[in-house]
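Under this note's numbering, think of the first position of the sequence shown as 10, with each following residue one higher.
Here a beta-carbon is modelled for each residue, glycine too, at the ideal position from N, C-alpha and C.
Worksheet for the structure shown next.
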Amino acid sequence: MNPHAKLICTVSLIMGTSITISSNHWILAWTGLEINTLAIIPLISKSHHPRAIEATIKYFLTQSTASALILFSSMTNAWSTGQWDITQLNHPTSCLMLTMAIAIKLGLVPFHFWFPEVLQGSSLITALLLSTLMKLPPITLLLLTSQSLNTTLLTLLAISSTLIGGWMGLNQTQTRKILAFSSISHLGWMIMIISHNPQLTILTFILYTIMTSTVFLSLAQIKVLKLSTMLISWTKTPMLNATVMLTLLSLAGLPPLTGFMPKWLIIQELTKQEMTPMATIITMLSLLSLFFYLRLAYHSTITLPPNSSNHMKLWRTNKTLNTPTAILTALSTTLLPLSPLIITML
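Structure (C-alpha cells):
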C-alpha cells in the first residue's frame, strides 16, 4: 500500500474516532463514524485478495446500515423532543433503534455474523484495529446514552454475546476467527455492566484493548494465521510463544493475571445490584471461552518431536527487540496487584 495513502487512512481513523468521542451533537458523532468507516475500508482491501474484497463489501454494508439507523434514531428523537444532544435521548423508539445500531456496529449477537468474516479477510494489524480502535466510538455512544436505554434488552444482548462468542469459537482453527469470537464474548461482559457502572465498562475496554493488542502484535511477529502453523512456531521464537500463552490465559480471565480483574469487578458489581443470577450465568458462559483460550495456549507452547510436516519450514527471523509488544505483554499479565489503586481511580 502506498505510504501516503496509509498515512491518510491512519490520520482519518484517529480524526474520526476523536470527533465521535468528543462530540455532543448527533450529526457530529455520525460524521465521525462515517470518517472511520471510509478510512478503514482501504486498509481491509489493500491485499486485493478476493476474500479481502468480500470482507470489505460486508463491512461497508453492515456499517452503512448501522450509520443509517443511528441517523434515523437521532432524527426521530429530535423530531419528538427538539433535542440533538446525545445525552438527551428520551424517545422510546429512538432508544430501541440506537441499541440495534450500536449492536450492529460492535458486532453483538444477533448482529455478529459479519465480524468473524471481516477479520478473516483482513491482515492481522487491520484485524487489531477492527477489534480495538473501531469499537471505541460505538462504545462511547453507548456510554453517553446508557441511562436512557432498556437495561433488560442490554442484558439479553450481553448474555447472548457471551454465549455465542464462546460457543462458536470452540471449533475454529483460524486464529483471527478465534479472536473475533473472543471479542464478541468480551463485549458481552462490557454491555452487561454498562447501565450500572459505566466506569467499569471503560476499565474493561481498556484492559481488553491492551490484551488483544498484545496477542495480535505477537501473532503478527511470528506470522501465525492458523493453529496448525502455531504448532511449529515455538522453534522460531520460544520466548514470544511463552508470553503469548500467558496473555491468552489473561484474556481468559485466570488469576493472577490482569484479565481476572475486570471479570471479578463486574461479578462483584452485578451482585451488589442484586443480579446474582445474571452474574452466575455470565460466569458459567465464560467457561466456553476458557476452553478455546486454553487450546490456543496449548498450541502456542507445545513442543513437537522431530517429524515430517506439510508446512514450509520457518526461517529464523532476526531477533529484533519489539518494545511495544514487550510493554503490552507486561501490562497484560501483571496489573492485578494494582487493583486497589485502579478501583480508587474509577
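Residue j beta carbon less than 9 Å from that of residue i
i           : j           : result
residue 131 : residue 64  : yes
residue 189 : residue 254 : no
residue 79  : residue 39  : yes
residue 210 : residue 219 : no
residue 221 : residue 140 : yes
residue 271 : residue 216 : yes
residue 300 : residue 128 : no
residue 34  : residue 88  : no
residue 192 : residue 175 : no
residue 173 : residue 121 : yes
residue 186 : residue 119 : no
residue 252 : residue 338 : yes
Chain-order list of residues whose beta-carbon lies under 6 Å from that of residue i (same chain, five-residue window excluded)
i           : result
residue 103 : 82, 85 and 86
residue 157 : 98 and 104
residue 341 : 219, 220, 223, 256, 259 and 267
residue 355 : 208
Own chain residues within Cβ distance below 7 Å of residue i, not counting five before or after
i           : result
residue 302 : 257, 258, 260 and 261
residue 24  : 44
residue 146 : 26, 29, 30, 41, 42 and 45
residue 143 : 45 and 49
residue 151 : 111 and 203
residue 71  : 113 and 123
residue 171 : 194, 197, 198, 291, 294 and 295
residue 269 : 262, 263 and 345
residue 155 : 203, 204 and 207
Contact belief for residue i with residue j at Cβ below 8 Å, rounded distance in angstroms
i           : j           : result
residue 42  : residue 18  : At roughly 16 Å, the Cβ-Cβ gap does not stay under 8 Å, so residue 42 and residue 18 are not in contact.
residue 153 : residue 95  : 5 Å
residue 223 : residue 334 : 7 Å
residue 225 : residue 133 : 6 Å
residue 311 : residue 240 : 6 Å
Rounded C-alpha distance that separates residue i from residue j
i           : j           : result
residue 294 : residue 13  : 45 Å
residue 205 : residue 110 : 21 Å
residue 48  : residue 22  : 6 Å
residue 108 : residue 198 : 16 Å
residue 351 : residue 273 : 13 Å
residue 61  : residue 136 : 11 Å
residue 9   : residue 159 : Any question about residue 9 goes unanswered here, given that the chain covers just 10 to 355.
residue 55  : residue 264 : 40 Å
residue 148 : residue 101 : 20 Å
residue 284 : residue 213 : 19 Å
residue 282 : residue 298 : 25 Å
residue 57  : residue 10  : 10 Å
residue 66  : residue 76  : 15 Å
residue 353 : residue 275 : 15 Å
residue 347 : residue 249 : 25 Å
residue 36  : residue 90  : 16 Å
residue 349 : residue 288 : 22 Å
residue 59  : residue 15  : 21 Å
residue 304 : residue 286 : 29 Å
With 16 other Cβ atoms within 10 Å as the buried cut-off, status of residue i
i           : result
residue 208 : exposed
residue 177 : buried
residue 114 : buried
residue 420 : Beyond the ends of the chain as shown, which are 10 and 355, falls residue 420; an answer cannot be given.
residue 116 : buried
residue 308 : buried
residue 280 : exposed
residue 32  : buried
residue 166 : buried
residue 20  : exposed
residue 242 : buried
8 Å Cβ shell around residue i - same chain, five flanking residues per side excluded
i           : result
residue 290 : 168
residue 138 : 22, 49 and 52
residue 278 : 202, 205, 206 and 209
residue 331 : 226 and 230
Any C-beta of chain D under 9 Å from that of residue i
i          : result
residue 97 : The question asks about chain D, but that chain is absent: this structure has only one protein chain.
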